[in-house]
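Remarks on the structure that follows.
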Amino acid sequence: DVMRTSLLTGLLTTLQTNLNRQQARVRVFELGRTFSRNGDGYAQPLRLGGLAYGSAAPEQWGERLRNVDFFDIKGDLEIVSAPRCLTTTRTVHPALHPGRTAHLQLDGAISGWLGELHPRLVRHFDLPHAPVLFELDAATLMYHALPVGKPVSALPIVRRDIAIVVAEEVPAGAVLAALQEARAPHVESVRLFDVYRGPGLTEGRKSLAILVLMQDTSRTLTDTEIDDTVAALVRVVSDQFGGSLRSQASQ
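Remember, this note's numbering sits 160 above the position in the sequence shown when you count from 1.
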């Protein structure tokens, strides 16, 4: 462990210890230094690692029992990172599941990784199912600029749901990032709330349901301004990803 390059092995060892003691739902983390080569020899960054295994929530009557997944932990990390912007991009990692692994980016800079344990290692450790693990650079995570407050507007917030069809290989995160970077007028936030695949769509295509919230703090937006803003967002997806509105793709 003295020259370890990742916290992953220690997290898995701790998981095994807990499972051997009949702990079916495990949440563990570790803060420690790892070692890696750089231009000056070796770096010793302080890293934060975590592991989640078992049911997403404690057993109860009000929620269906399911195992914790990639998106549960991604959501937890987004909350911990706020108000900074945490995004994910596809990547590969030898210890993680191909297709269920991502770089973690804080304000656009790669800070770590997140993913499910590789099936080969799930079998090696004789686990009933895969844990979800992450590792982040602690220095970038702990840096927080003071948030700037702003008054709550008395004017209405406008909501528009946009269903955009793109190729299956287009990451939803890349679409959201492009929409946010476009800085369309009056847009307060852009969020993904559903992904649809199935009847009504061409094979190899998926529909992304995106929530757009718009507001002007000094006046009420007109219908023309709202429609123009939505059209501008759709053009971003069309130009960068070859996407289109689902209503048009179905025609």
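Think of the CB as a built atom: it goes at the ideal place given N, C-alpha and C, for glycine as much as any other residue.
Asked: Alpha carbon of residue 327 to alpha carbon of residue 294, nearest angstrom; Found: 28 Å
Asked: Cβ shell of residue 194 (< 7 Å), same chain only, five flanking positions each side left out; Found: 164, 165, 166, 167, 205 and 207
Asked: Close-in-space but distant-in-sequence residues of the same chain around residue 161 (CB under 6 Å, 5 per side omitted); Found: Annotation note: pLDDT 47 at residue 161 (below 50); position unreliable, coordinate value reported separately. Correct list: empty, nothing qualifies.
Asked: Test item: CB-CB of residue 277 and residue 291 under 7 Å; Found: yes
Asked: Secondary structure of residue 389, DSSP reduced to three states; Found: helix
Asked: Contained beta strand (DSSP E) runs [length at least 3] in the segment 184-239, N- to C-terminal order; Found: 186-193, 196-198, 201-203 and 206-213
Asked: Three-state secondary structure assigned by DSSP to residue 313; Found: coil
Asked: Beta-carbon contacts of residue 405 that lie in its chain and below 8 Å, excluding the five residues immediately before and after; Found: 322, 323, 324, 325 and 394
Asked: Per DSSP, the bridge partner or partners of residue 296; Found: 208 and 272
Asked: Secondary structure of residue 259, DSSP reduced to three states; Found: strand
Asked: As assigned by DSSP and simplified to three states, the class of residue 342; Found: helix
Asked: Euclidean distance between Cα positions of residue 210 and residue 189; Found: 4 Å
Asked: Residue nearest to residue 329 in terms of C-alpha spacing, selected from 232, 235 and 249; Found: 249
Asked: Start-to-end residues for the beta strand (DSSP E) that takes in residue 164; Found: Careful: residue 164 lies outside any beta strand (DSSP E) and carries neither H nor E.
Asked: Endpoints, beta strand (DSSP E) assigned at residue 246; Found: 246-250
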